[in-house]
Each structure stands twice: as structure tokens, then as C-alpha cells.
Amino acid sequence: MTMTCDDARDQAAGFVLGALSLDEAAAVRAHLATCEQPHPEFAEFGGVVPYLADSLDPVEPSVGLRARILAAAAQDIAGTVPAATTPIPFPAAAEREQRAAVRTSSRGTWVMRIAAVLAIAALGAWNLQLQGRLSGVEGDLAAAQAYRAAVTAVLDAAAQPGAQSGFLAATDPGSRATGVVAASGGSVILAVQNLAPTTGTQV
2 MTMTCDDARD
12 QAAGFVLGAL
22 SLDEAAAVRA
32 HLATCEQPHP
42 EFAEFGGVVP
52 YLADSLDPVE
62 PSVGLRARIL
72 AAAAQDIAGT
82 VPAATTPIPF
92 PAAAEREQRA
102 AVRTSSRGTW
112 VMRIAAVLAI
122 AALGAWNLQL
132 QGRLSGVEGD
142 LAAAQAYRAA
152 VTAVLDAAAQ
162 PGAQSGFLAA
172 TDPGSRATGV
182 VAASGGSVIL
192 AVQNLAPTTG
202 TQV
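Residues 2 to 204 (this note's numbering) make up the sequence shown, in order.
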């Protein structure tokens, strides 16, 4: 996709915070590599990220938040599960011999019928695989769009007078969970991605 300078400026905040999709981030990198304009907004947003990381202590999500996220995900998955298909039984040898004795169909007709049955079964299996892959892609896209919208809301809140903001990072070195948070006017807005499920009384 071709990106203009205005498009790159609009995507600067999301690019620095890692909130863009893979295609959007690649388009931004390609534009910066070839554009003659300096684009100082990327450096400006990049300078804010360390401040966000140091301004607040890392906060783990509550059990209630985890339960709501898992419930919403389960509901989405339940709505996209394809209906089970009933396998078509292949005729037994005795049944095939009996049909051959009472019918005048030629051998070529039987071959065509068996080929049609196998083709239908193969198409059904391929359709189930395709639906499963499409469901996974749609889920990833929806999650990326939701996180991007949440980050935008956090940035808007952080821009308000007297607001406080912070960058969230996991304490576990093996975790990829990150997020941003802003508090303004008595309200707190949180955006988190790559969050690992918690168990028991973990928060």
C-alpha cells in the first residue's frame, strides 16, 4: 500500500506504541525509508514512550477483567464454530453387488457417482478448514483494531490538562504483554495487548 506524508503523520503515534497492524507498520517503514521529509513527529512520540514506562508502576489486570475478556472471546468463538457435517457412508460390498444385480447402470455411471461422493466429502473438509482459518484471521484483526482504538482513547485522555499517563510492561522477562494507561478527571483508561491468562487469585 502507498502511504503519503499525511498518512504517515496520522499513524505516527500508533507506530511508536506498536498498535498498528503488520501491513500498516510495514507501509510506515517503507515510507520513512524513501521519504525526503524529516518526519520529526516519530522522534517526538518516541521520546514520550520512555517517560510513560517510568511514570507509573506496572499494573497487572484484575481477575474480573480477565474473566470478561475470556467470556467475550468465548462468545465470539461460539458464534463462528461451523456446524458439524454428517459423513456419507460408503456402500458395503454386499450392497454394491445387490445394486449391480438389479440395476442396468453401466460401470461408467457407478464410477462417476463414487467420484462425486468423494468430491463432495473433500469439498466439505476443505470448507471446514477454510472457515477455521478465516475465523482465526478475523479474530486477530478484531483484536488489533480494538487495541488500536483503545490506545487512541488513552492518548486522547493523556492530552487533557492535569492528566497522568503511563506505560505498562510485564515483570516476567518471557512475557510480551504491554499496555498504556491514562487517568484524567477521575477516570482511568487502559489499553493492553498480548496479555497472558491468569489463574486462581492472580491479579
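Just so you know, even glycine gets a beta-carbon here, dropped at the ideal spot from N, CA and C. These figures come from a predicted structure and were not determined experimentally.
Whose CA, out of F43, D24, C36, L33, lies closest to the CA of L18? F43
When you compare the CB positions of A143 and S185, do they come within less than 8 angstroms of one another, or not? no
So G15 and L23 are in contact, right, with Cβ under 8 angstroms, and what is the actual spacing, rounded? The Cβ separation is near 13 angstroms, so there is no contact.
So who's on the other strand from S22, going by DSSP bridges? S22 has no beta-bridge partner at all, per DSSP.
Counting beta carbon pairs with one atom in the region 158–167 and one in the region 123–139, are three or more of them shorter than 8 angstroms? No: fewer than three Cβ pairs fall under 8 angstroms.
Leaving out five residues before and five after L10 in sequence, what residues of the same chain have Cβ atoms less than 6 angstroms from its Cβ? Looking at the sequence shown, residue 10 is not Leu but Arg. E42.
Output yes or no for whether 8 angstroms exceeds the beta carbon distance between A192 and V152. yes
Pull the bridge partners of Q132 from the DSSP assignment, please. In DSSP, Q132 forms no bridge with anything.
Around the Cβ of S188, are there at least 16 other Cβ atoms within 10 angstroms (buried) or fewer (exposed)? exposed
Can you tell me which of the three DSSP states I89 falls into? coil
Should M4 and H32 be called a contact, given that it needs their Cβ atoms to be closer than 8 angstroms? yes
Report the three-state DSSP secondary structure of A160 (helix, strand or coil). coil
Less than 8 angstroms between the beta carbons of Q148 and Q76, yes or no? It should be noted that the sequence gives Tyr, not Gln, for residue 148. No, they are not a contact pair.
Just to confirm, is the Cβ distance from A1 to I190 under 8 angstroms? What is shown of the chain runs 2 to 204, which leaves residue 1 out entirely.
Considering Cα atoms alone, identify which of A13, A120, I89 is closest to E45. Closest option to E45, Cα to Cα, is A13.
Within 10 Å of its beta-carbon, does G133 have 16 or more other beta-carbons around it, so buried, or fewer, so exposed? G133 is exposed by the Cβ-count criterion.
Of the residues P92, E25, A72, D8, which one's Cα is nearest the Cα of Q38? D8
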